[in-house]
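Encoded as structure tokens, the structure appears first; notes follow it.
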Amino acid sequence: MNSSSFSNDEYTIAWICALPEELEAALFMLDERHEPPQTHDEYDENIYELGTIWRHKVVITCLPRGGLSPATRCVERFSRAFRKIRCWFMVGIGGGVPGGKVDIRLGDVVVSVPSDDSSGIIQFDKGKYGRDGFTRTGVLDSPRELLLNAVNHFGRCPQVKALLDIAKMLPALPKKASEQKGWLHQGMDNDVLYCCYSTGSRCTCDSENCDDKGRIARAPRENYNPKVFRGIIGSSNAVIKDAWTREQLREKHNILCVETEAAGLMESQKFLIVRGIADYADWHKNDDWQQYAALMAATYTRELLRVVPVVRSGVPLPRERIFTVPFGRNLGFVGRAKYIADVESGLALATPRDFCAKVALVGLGGIGKTHIAIEIAYRISNLAKGDHVSLPFHLDIFWINASTYDSFCLAYCKIADKGLKRIADRQLQQDTVEKALEAITEYLEAPESGKWLLIVDGADNPNIWSAKNADTNSLFSYLPRRNGSGSILFTTRNRKNAVDLAANGKVLEVEAMSQEEAVELFISRVTKHGPCAELSVENLELAPKAVETLCFLPLAICQAAAYIRSRAYSVKSYMLEYDDTEEDILVVLSEDFDDDGRSYAKGRNAIATTWFITFEFIKRHSPSAIRLLLQMACLDPSSSSPQAYWEDFLMFASSLNNNQLSKKVPTTTMTIGLADYDRRPQRARSITTSGGEADYDE
Numbered sequence: 007m008n009s010s011s012f013s014n015d016e017y018t019i020a021w022i023c024a025l026p027e028e029l030e031a032a033l034f035m036l037d038e039r040h041e042p043p044q045t046h047d048e049y050d051e052n053i054y055e056l057g058t059i060w061r062h063k064v065v066i067t068c069l070p071r072g073g074l075s076p077a078t079r080c081v082e083r084f085s086r087a088f089r090k091i092r093c094w095f096m097v098g099i100g101g102g103v104p105g106g107k108v109d110i111r112l113g114d115v116v117v118s119v120p121s122d123d124s125s126g127i128i129q130f131d132k133g134k135y136g137r138d139g140f141t142r143t144g145v146l147d148s149p150r151e152l153l154l155n156a157v158n159h160f161g162r163c164p165q166v167k168a169l170l171d172i173a174k175m176l177p178a179l180p181k182k183a184s185e186q187k188g189w190l191h192q193g194m195d196n197d198v199l200y201c202c203y204s205t206g207s208r209c210t211c212d213s214e215n216c217d218d219k220g221r222i223a224r225a226p227r228e229n230y231n232p233k234v235f236r237g238i239i240g241s242s243n244a245v246i247k248d249a250w251t252r253e254q255l256r257e258k259h260n261i262l263c264v265e266t267e268a269a270g271l272m273e274s275q276k277f278l279i280v281r282g283i284a285d286y287a288d289w290h291k292n293d294d295w296q297q298y299a300a301l302m303a304a305t306y307t308r309e310l311l312r313v314v315p316v317v318r319s320g321v322p323l324p325r326e327r328i329f330t331v332p333f334g335r336n337l338g339f340v341g342r343a344k345y346i347a348d349v350e351s352g353l354a355l356a357t358p359r360d361f362c363a364k365v366a367l368v369g370l371g372g373i374g375k376t377h378i379a380i381e382i383a384y385r386i387s388n389l390a391k392g393d394h395v396s397l398p399f400h401l402d403i404f405w406i407n408a409s410t411y412d413s414f415c416l417a418y419c420k421i422a423d424k425g426l427k428r429i430a431d432r433q434l435q436q437d438t439v440e441k442a443l444e445a446i447t448e449y450l451e452a453p454e455s456g457k458w459l460l461i462v463d464g465a466d467n468p469n470i471w472s473a474k475n476a477d478t479n480s481l482f483s484y485l486p487r488r489n490g491s492g493s494i495l496f497t498t499r500n501r502k503n504a505v506d507l508a509a510n511g512k513v514l515e516v517e518a519m520s521q522e523e524a525v526e527l528f529i530s531r532v533t534k535h536g537p538c539a540e541l542s543v544e545n546l547e548l549a550p551k552a553v554e555t556l557c558f559l560p561l562a563i564c565q566a567a568a569y570i571r572s573r574a575y576s577v578k579s580y581m582l583e584y585d586d587t588e589e590d591i592l593v594v595l596s597e598d599f600d601d602d603g604r605s606y607a608k609g610r611n612a613i614a615t616t617w618f619i620t621f622e623f624i625k626r627h628s629p630s631a632i633r634l635l636l637q638m639a640c641l642d643p644s645s646s647s648p649q650a651y652w653e654d655f656l657m658f659a660s661s662l663n664n665n666q667l668s669k670k671v672p673t674t675t676m677t678i679g680l681a682d683y684d685r686r687p688q689r690a691r692s693i694t695t696s697g698g699e700a701d702y703d704e
């Protein structure tokens, strides 16, 4: 089979659809067709159609099925195969949401355009349950400004009011329409909108606009050309086929259209979503208008490309920076300036060299190593974006959870999703994981990987870094060494690990906070989210004594502050309860903090005490929550993401037929400080209808 005469890097427009009818409509739009791509990775399961529209080189692909997850996977593969894509479009059909002053008809076109409180796409089934019911959370990215400018310019063109007339002039359409009438307007008599109170045989509302079967009377339009609406599109995993639900979504979110792919796409790229209205998202939903609606959406997109400037083929476009840190920035980060400066100096990001620079942070669990690493990642990321002259270069930042062998492998292989296309879609079977890790290491050591920072967090277990385990290779062998453009930052409780991993690099002992830093952290955490514990003069005076008792350890301070805040305690009251904690219980709770023979007994005692006080509080006030938390201890907290951990837990909770508990426990843990929602993962910001997430202070 012949291949395209153009390289993959010469294609700049991505066009994704979800149905065969949408794909066929997209192919109608091409001015010329090209042969298949010059290169197609064996693990890329997308099928690409290539061609040109108005001199733009365009790549079209169709999803294997609808839904958010298939959309996300498709875009990840697409991005690796065609690295110079400049504009991303999702073009297809959707369910119209008429009402109010919006007179949407079948065949009309809706384009995602941001509003004051929305990016143009909202995922209305993602949120959290609270006392007031379900609250939507999270904001998706907006379309690229170039495309929004194009939408505004095209809105003034006469073609926007003549999409059907334009479509009829497409060379392939007349013959196709004569064979399949679905490509033509289905007639105004077949465009029926039913009242949300209609059951199909009768209507229970008293509106003068409805007949006895619930059909709403609407004035006919002058012609069959569709109207174009710009506004918010609602996206979810579920297909909406209920007029009442549709009406509730319109009133709550002011959406114009519903569909099931956009939210998955917007996680990866800045898409412009274009939807032709094929139904009204009610129980009358059918396929009669799908071909015509898909044709109108495709025609709009073709005409929109008229006003998008054509980029000269072969001109390199800057690659998007990769940033895989799974936590949001801690806006309450306090102090630690010396460690941050020492780490940045040791990483030598702007210094030419022949080998990877390495720095290891070593210290007691709860001392704040992970917080320091997170802060460094965000600071360096901002510098590399051009906010500071000291790092005027592209820099990728990868985060690796190294708490277990499996978590390392999963996180390490995610680098392939972002930068190494030939292994990205390989299933992580036992016999291929090592080969995948080797390929990623080769990639990171190659000049083409560019400048990068690898943060290996929680490298505590010495067994997985050595060759003692016959079943698995030493993870140490997979760490890149030879790329002078790369840097590695380790965090670990194990000093021997730190010395071995950062060989020829810098090992930094992370000590407790200074009194000034500790008091600042304590006060900021006690007063967080409102004056739950009023800081009187007496409380302020006791703060230094409190942080000294807590050994100036960040985790102990945060946990104690959360408890004080939740109980509206005074600092004095907490100190009294702290002093009364049973000594024998603390011995047991402290056992997990042993560190290479170093004496951290006092620090371990402080952390254990804060956990014990919190546990006793829950035990007194919610025995059911304690039972669930004990069951939680049987789940694996070292999964690839905090969200996965909470989904496992909530699945268990729902199996107990106690939905109230499954909603209450995550809220309880947040309230008393077992989970900190200010450090939620960026892609998992809420307790969703199918599960939830939480993140822990380190």
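In terms of the working numbering, the sequence shown is numbered consecutively and its last residue is 704. Virtual Cβ for every residue (Gly too), placed ideally from N, Cα, C. Quantities reported herein were computed from a predicted structural model and do not represent experimental measurements.
Limits of the beta strand (DSSP E) - the one that residue i falls within
i    : result
C80  : No beta strand (DSSP E) contains C80, which is instead part of the alpha helix (DSSP H) from 74-87.
G100 : 93-102
L278 : 277-285
Residue range of the alpha helix (DSSP H) that includes residue i
i    : result
E30  : 26-34
W250 : 249-259
Y135 : No alpha helix (DSSP H) contains Y135, which is instead part of the beta strand (DSSP E) from 133-136.
Q296 : 296-310
S184 : 179-185
E48  : Premise fails: E48 is in no alpha helix (DSSP H) and is neither H nor E.
D171 : 169-174
S148 : Looking at the DSSP string, S148 is not in any alpha helix (DSSP H), and its letter there is neither H nor E.
Whether residue i touches residue j by CB criterion (8 Å)
i    : j    : result
L548 : K502 : no
D114 : G102 : yes
I283 : I110 : yes
L507 : F496 : yes
V116 : F34  : no
A417 : I406 : yes
C4   : I239 : Past the edges of the chain, shown from 7 to 704, lies residue 4, and the structure says nothing about it.
L190 : Y298 : yes
I446 : A422 : yes
R308 : I59  : yes
G492 : E267 : no
E38  : Q296 : no
I19  : K63  : yes
Which residues DSSP lists as bridging residue i, in chain order
i    : result
V65  : A20, L56
N407 : D463
I128 : G240
R39  : G57
A366 : F496, V513
C263 : G102, I239
D402 : W458
R342 : Paired residues: none, contrary to the question.
S491 : Looking at the DSSP assignment, S491 forms no beta bridge with any residue, so it has no partner.
Y200 : R221
F329 : I403
S118 : G237
V108 : G105
T141 : K134
Cβ shell of residue i (< 6 Å), same chain only, five flanking positions each side left out
i    : result
S455 : Y449
H40  : S10, L56, G57
G338 : S530
T375 : It is worth fixing the name first, because residue 375 is Lys in this sequence and not Thr. Closer than 6 Å at the Cβ level, and outside the excluded window around K375, lie L367, G369, T497, V516.
V340 : E523, E526, L527
A504 : A366, V368, T498, V513
Near the ligand GDP: residue i beta-carbon under 7 Å from a heavy atom
i    : result
N336 : As for the ligand GDP, it is missing from this structure, which has no ligand bound.
Residues near residue i by beta carbon distance below 7 Å, same chain, minus five either side
i    : result
C80  : I22, N52, T67, L69
R359 : G490
P120 : G126, S148
T45  : N14
G352 : A363, V365, G511, K512
K420 : T330
Q129 : G144, L146, S241, S242, A269
Own chain partners of residue i with C-beta closer than 8 Å, once the 5 adjacent residues on each side are dropped
i    : result
N231 : K167, A168, L169, L170, D171
Pair every Cβ in the segment 10-28 with every Cβ in the segment 81-98, then say whether three or more of these pairs are closer than 8 Å. yes
So, does the segment 293-306 touch the segment 129-138, judging by three or more C-beta pairs under 8 Å? no
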